[in-house]
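Residues in the sequence shown are numbered consecutively from 1, following the working numbering.
Below: the structure, in structure tokens.
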Amino acid sequence: MSTHAAARVAAPTRREQILKEAARLFAERGFHGVGVDEIGAAVGISGPGLYRHFPGKDAMLAELLVGISERLLAGGELRVSQDAASGGGSREALLDALIDGHIDFALDDRPLITLHDRELDRLRDTDRKRVRRLQRQYVEVWVGVVRDLYPDLPEHEARAAVHAVFGLLNSTPHLGRPGALPDRTDTAALLHRLARGAFAAAGAARPAPDGIPE
């Protein structure tokens with residue numbers, strides 16, 4: 001492999017390292033509390049050296065928040081398409097797969113949840129609108145699967161349930177300090193049970209006005 005080809009292979013890895021450390025530092029100290037030099041030091045390069053990869057902190061923040069929204073949507077759509085390609089398996093298994101995919105994000109990318117909550121409004125208008133559009137599409141992937149599993153659940157209630165479950169799963173930054181999360185396997189299993197329980201409650205038969213179940 002030529003030197004130029006090797007550089008092309010290595011460059012994305014360096015970008016990923018920079019983004020990972022930027023996300024951690026932004027989440028810990030806030031966007032304005034972190035300098036380019038600090039991000040560079042965290043990955044072992046000079047602050048000015050970061051400009052070979054990103055024009056500035058704003059670009060890092062945009063790539064982090066747009067990037068995770070793209071990855072979540074792509075992952076959700078992939079699970080649905082794989083299910084369709086296999087002839088359509090259990091609706092419950094597909095919902096389980098969506099939940100597990102989001103739990104992986106919620107446990108492994110906790111700084112990005114904090115960043116989204118605190119810093120989304122710092123994005124340029126075009127980037128912020130892109131994040132919102134991707135998020136809406138991701139929600140609709142889930143709504144379709146939930147309504148397949150619970151066909152009597154009205155669409156607006158299914159959408160509300162999906163948002164509620166996202167809020168539950170995205171609570172992971174409040175579970176403890178970074179690096180101090182309870183056992184990952186146990187935490188993932190607990191989050192999964194809670195998510196399935198929420199959907200089951202939403203899809204359960206609702207009592208009619210006279211108190212008789214429908």
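Even for Gly, the Cβ is constructed at its ideal location relative to N, Cα and C.
W142 and L95 have their C-alpha atoms some 8 Å from each other. Non-local beta-carbon contacts of L153 in its own chain, meaning distances under 8 Å to residues more than five positions away in sequence, involve V146, R147, A161, A202 and G203 in chain order.
Remark: C-beta atoms of H116 and L65 approach each other more closely than 7 Å. By the beta-carbon neighbour count (other beta carbons within 10 angstroms, threshold 16), G35 is exposed.
The beta carbons of P111 and R24 sit closer together than 7 Å. For F199, the enclosing alpha helix (DSSP H) stretches over residues R184 to G203.
By the Cβ-count criterion, H102 is buried, with 16 or more other Cβ atoms from all chains shown falling within 10 Å of its own Cβ. Here S69 has R130, V131, L134, Q135 and Y138 as same chain residues with Cβ atoms under 8 Å from its own Cβ, once five neighbours each way along the sequence are excluded. Apart from sequence neighbours up to five positions away, the residues of its chain that approach A27 with a beta-carbon distance below 6 Å are P111, T114 and L115, ordered along the chain.
When only Cα atoms are considered, R184 and N170 end up about 15 Å apart. For V36, the enclosing alpha helix (DSSP H) starts and ends at V36 to V43. By the neighbour-count criterion, in which 16 or more other beta carbons inside 10 Å mark a residue as buried, A195 falls on the buried side. The C-beta distance from E119 to L50 rounds to 18 Å, too long to fall under 8 Å, and the pair is not in contact. Pairing P55 with L190, the inter-Cα distance amounts to about 41 Å. Counting the other CB atoms within 10 Å of its CB gives L78 a total below 16, which places it among the exposed residues.
Secondary structure within the segment 15-94: the alpha helix (DSSP H) runs of 4 or more consecutive residues, fully enclosed, are 36-43 and 57-85 (chain order). Take the alpha-carbon of A22 and the one of P48: they are about 15 Å apart. For Y138, the uninterrupted alpha helix (DSSP H) run begins and ends at D125 to L149, by DSSP.
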